[in-house]
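Chemist: Residue 430 in UniProt numbering sits at position 430 of the sequence shown; the count goes up by one each step and never skips.
Here's a structure for you.
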Amino acid sequence: MLFDVTFTFNRMPLMVQHRAVDLAKRKNLQECLFPTGSHQRSNLPTDGLRLYDQKLENNHEQFRAIKQIVSGISRPAPYLIFGPPGTGKTVTLVEAIKQVLKNLPECHILSCAPSNSAADLICERLMKHVDKKDIYRIMASSRDFRFVPESIKPCCNWNSSTQAYEYPTKNKLMEYKVIITTLVTAGRLVSAQFPPGHFSHVFIDESGHAVEPECVTAIAGILDVMKGGQLILAGDPQQLGPVLRSPFAIKHGLGMSLLERLMTQNPLYGKSSGSYNPQFVTKLLLNYRSHPDILNVPNELFYEKELQAKADELITHAYCNWEKLPKKNFPIIFHHVLGKDEREGNSPSFFNVHEIEVLVNYLHSLLETQGKKGIAKISPKEIGIIAPYRKQVEKIRRAIDQEFKAVTDIKDLKIGSVEEFQGQERKVILISTVRSSPNYVKFDEDFGLGFLKNPKRFNVSITRAKALLIMIGNAVILRKDPNWARFLNYCSDKGGYSGLRADYLEDLDETELTELFETLNVNEPEPRERSGESAVQQQGEPAWRHEH
Numbered sequence: 001m002l003f004d005v006t007f008t009f010n011r012m013p014l015m016v017q018h019r020a021v022d023l024a025k026r027k028n029l030q031e032c033l034f035p036t037g038s039h040q041r042s043n044l045p046t047d048g049l050r051l052y053d054q055k056l057e058n059n060h061e062q063f064r065a066i067k068q069i070v071s072g073i074s075r076p077a078p079y080l081i082f083g084p085p086g087t088g089k090t091v092t093l094v095e096a097i098k099q100v101l102k103n104l105p106e107c108h109i110l111s112c113a114p115s116n117s118a119a120d121l122i123c124e125r126l127m128k129h130v131d132k133k134d135i136y137r138i139m140a141s142s143r144d145f146r147f148v149p150e151s152i153k154p155c156c157n158w159n160s161s162t163q164a165y166e167y168p169t170k171n172k173l174m175e176y177k178v179i180i181t182t183l184v185t186a187g188r189l190v191s192a193q194f195p196p197g198h199f200s201h202v203f204i205d206e207s208g209h210a211v212e213p214e215c216v217t218a219i220a221g222i223l224d225v226m227k228g229g230q231l232i233l234a235g236d237p238q239q240l241g242p243v244l245r246s247p248f249a250i251k252h253g254l255g256m257s258l259l260e261r262l263m264t265q266n267p268l269y270g271k272s273s274g275s276y277n278p279q280f281v282t283k284l285l286l287n288y289r290s291h292p293d294i295l296n297v298p299n300e301l302f303y304e305k306e307l308q309a310k311a312d313e314l315i316t317h318a319y320c321n322w323e324k325l326p327k328k329n330f331p332i333i334f335h336h337v338l339g340k341d342e343r344e345g346n347s348p349s350f351f352n353v354h355e356i357e358v359l360v361n362y363l364h365s366l367l368e369t370q371g372k373k374g375i376a377k378i379s380p381k382e383i384g385i386i387a388p389y390r391k392q393v394e395k396i397r398r399a400i401d402q403e404f405k406a407v408t409d410i411k412d413l414k415i416g417s418v419e420e421f422q423g424q425e426r427k428v429i430l431i432s433t434v435r436s437s438p439n440y441v442k443f444d445e446d447f448g449l450g451f452l453k454n455p456k457r458f459n460v461s462i463t464r465a466k467a468l469l470i471m472i473g474n475a476v477i478l479r480k481d482p483n484w485a486r487f488l489n490y491c492s493d494k495g496g497y498s499g500l501r502a503d504y505l506e507d508l509d510e511t512e513l514t515e516l517f518e519t520l521n522v523n524e525p526e527p528r529e530r531s532g533e534s535a536v537q538q539q540g541e542p543a544w545r546h547e548h
């Protein structure tokens, strides 16, 4: 039997973004997208605000952000929640939505995120305190209903009798207090032509992941900021931004999200006299995820040493006495490996067999010693493995599936690129950096691949771990990057360095390093034929990237 299969490009996301940009010019969104702070509106009192999650009242920054959002103090300018890793950004945003609903009875809210998973999370958390009849989760027709969380199915647009998604009339949608969609699907609401001013608030979570026209899709034609509408953006400009493939788009600024542009180019959102203006932005400071030693370097490099470790020590200190730690009570290992980065067939993606062997050995030790000698038990779903190249991810998966056949739930161990781990956390994180040849450093830099010369990818990778961080890589190569050099020095100073001595590496000049590589036979592999898939396409990307 013969089949003729044709793949077509879905132009709808690009079409709604083009329309959004055109609408932004016609709908007077100047003070929303390029705010000056010169059109201030009266704000609502927030005295006596009682939170659903009362723990947030003990966190000054979270409580302040919620009160500022409810008061509408930034209008018509957006209000920004700057949420570094593990600081409870989404928790803050969800509580703010609940408080707006409770204190502003006439409000109508649109809550968006770039991905289905992020939008689902908001919906699940809102359902704990908001009547289900007031919430509506709109899915795109392309989403497989089998992957919709059970808890939100009663609130979504799936028709069980027809076994298909349905799209209610505008009048029906106007009855809901909160509508939740992805950014691209929000374009459907623009097409419905809601009355001006119907939506009083638009909340966008993970806004740093979206290209700016995606965010504008949820604003232009939906929110009237000059008549009291309010935009709230939550995200972190120091973590990974939008995923782009086009050098032309990157060159002309599409790689910078609306959140990052406001925080880096608009004076209302920059620091003045050492602090942000709370009228427009709140930076969350308490980290509820990581051991203090894991948080130390990213806090210094990216967050001006302002983050404070406040996570539960029963979790964060669970591996401080693990027998494989080079230094007890320092839950970080950098294991130096003089491996070889290789490519297979005509694939442009890299892998490093030596690093995989070391990684598998650590995983064996981790699973064998759990529950013994005072070490906490751990399941595979609490472990994450990060690698920057697709081929390394594939080979790690294959090696683990073969080595750990007896572990029934080993498939729950997530292995993926940094992009796939953004927004996630694990009790234990292992990272394979792959790169071992100096000849490819410039290649990675030109194409935005790997860990080198990419501060945001570095930041995300080392801030996923709660209790134990194991890094495997070639220190000689990684030291060429200033952020990695700082991290390696930190590991060396604290006694977390394993492998070839760090001070020995520091004493080698460029000529000696080159001779070392020649001796170890880690020079550039032979040139290969180019495959139909480019190195940039081979780079891993978020699992949600094609969700609408």
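C-beta: ideal position from N, C-alpha, C; glycine also.
Remember, it's a predicted structure, so these values are computed and weren't measured experimentally.
Using only alpha-carbon positions, find the residue among 490, 303, 288, 257 that is nearest to residue 271.
Modeler: 303
Chemist: Assuming residue 334 and residue 497 are in contact, meaning their beta carbons sit under 8 Å apart, how far apart are those beta carbons, in whole angstroms?
Modeler: About 5 Å; that satisfies the 8 Å criterion.
Chemist: Identify, in the order they occur along the chain, each residue of the same chain with its Cβ nearer than 6 Å to the Cβ of residue 471, setting aside the five sequence neighbours on each side.
Modeler: 334, 431
Chemist: Just mark residue 38 as buried or exposed, buried being the case when its beta carbon has 16 or more other beta carbons within 10 Å.
Modeler: exposed
Chemist: According to DSSP, is residue 158 part of a helix, a strand, or is it coil?
Modeler: The answer is strand: DSSP assigns residue 158 an E or B state.
Chemist: Identify every residue that forms a DSSP beta bridge with residue 343.
Modeler: For residue 343, which the question treats as bridged, DSSP gives the partners 350.
Chemist: Tell me the start and end of each unbroken alpha helix (DSSP H) in the segment 183–237 that is at least 4 residues and wholly inside, in chain order.
Modeler: Uninterrupted alpha helix (DSSP H) stretches at least 4 residues long and entirely within the segment 183–237 occur at 187–192, 212–217, given in chain order.
Chemist: Could you name each continuous alpha helix (DSSP H) segment of 4 residues or more that falls completely within the segment 41–74, going from the start of the chain to the end?
Modeler: 60–71
Chemist: Does the Cβ of residue 2 have 16 or more other Cβ atoms within 10 Å, making it buried, or fewer, making it exposed?
Modeler: exposed
Chemist: Which of the three DSSP states is assigned to residue 137 in this structure?
Modeler: In this structure, residue 137 counts as strand in the three-state DSSP scheme.
Chemist: To the nearest angstrom, report how far apart residue 415 and residue 398 are at their CA atoms.
Modeler: Cα atoms of residue 415 and residue 398: separation of roughly 11 Å, rounded to the nearest angstrom.
Chemist: Work out the CA separation of residue 41 and residue 228 for me, nearest whole Å.
Modeler: 8 Å
Chemist: Check whether the Cβ atoms of residue 110 and residue 248 lie closer than 8 Å to each other.
Modeler: no
Chemist: Measuring CA to CA, which of 301, 205, 286 is closest to residue 258?
Modeler: 205
Chemist: Which of helix, strand or coil does DSSP assign to residue 265?
Modeler: helix
Chemist: Is residue 213 buried or exposed, if buried means 16 or more other CB atoms sit within 10 Å of its CB?
Modeler: buried
Chemist: If we count Cβ pairs, one from each stretch, closer than 8 Å, do we get three or more for the segment 41–51 versus the segment 62–73?
Modeler: As far as the Cβ criterion goes, the segment 41–51 touches the segment 62–73, which means the pair count is three or higher.
Chemist: Whole-angstrom Cβ separation of residue 84 and residue 238, contact assumed at under 8 Å?
Modeler: 7 Å
Chemist: May I ask which residues mark the beginning and end of the alpha helix (DSSP H) holding residue 123?
Modeler: 116–126
Chemist: Where does residue 239 sit, in a helix, a strand or coil, going by DSSP?
Modeler: coil
Chemist: Indicate whether residue 458 and residue 483 have their beta-carbon atoms separated by less than 8 Å.
Modeler: yes
Chemist: Determine the DSSP secondary structure at residue 467, reduced to helix, strand or coil.
Modeler: In the structure shown, residue 467 sits in a strand (DSSP, three-state: E or B).
Chemist: Specify, as a first and last residue, the run of the alpha helix (DSSP H) that residue 460 falls within.
Modeler: 455–462
Chemist: Under a three-way DSSP split, which group does residue 16 fall into?
Modeler: helix
Chemist: Alpha carbon to alpha carbon, how far is residue 86 from residue 4?
Modeler: 48 Å
Chemist: Locate the beta strand (DSSP E) running through residue 94, then write down its first and last residues.
Modeler: Element bounds for residue 94: not the beta strand (DSSP E) but the alpha helix (DSSP H), 89–103.
Chemist: So, are the CB atoms of residue 177 and residue 108 less than 8 Å apart?
Modeler: yes
Chemist: Applying the 10 Å Cβ sphere with the 16-neighbour rule, what's the burial state of residue 59?
Modeler: buried
Chemist: Name the two residues that bound the continuous beta strand (DSSP E) containing residue 110.
Modeler: Start and end: 109–113.
Chemist: What's the C-alpha gap between residue 410 and residue 351?
Modeler: 22 Å
Chemist: Tell whether a beta-carbon distance below 8 Å holds between residue 93 and residue 203.
Modeler: Yes.
Chemist: Exposed or buried, residue 316, counting other C-beta atoms within 10 Å across all chains shown (16 or more means buried)?
Modeler: buried
Chemist: Quick one: what does DSSP say residue 36 is sitting in, helix, strand or coil?
Modeler: coil
Chemist: Count the other CB atoms, across all protein chains shown, that sit within 10 Å of the CB of residue 18; report buried if there are 16 or more and exposed otherwise.
Modeler: exposed
Chemist: Taking one C-beta from the segment 336–356 and one from the segment 385–396 each time, how about it: are there three or more such pairs within less than 8 Å?
Modeler: yes
Chemist: My output table needs one value for residue 142: the three-state DSSP class, helix, strand or coil.
Modeler: coil
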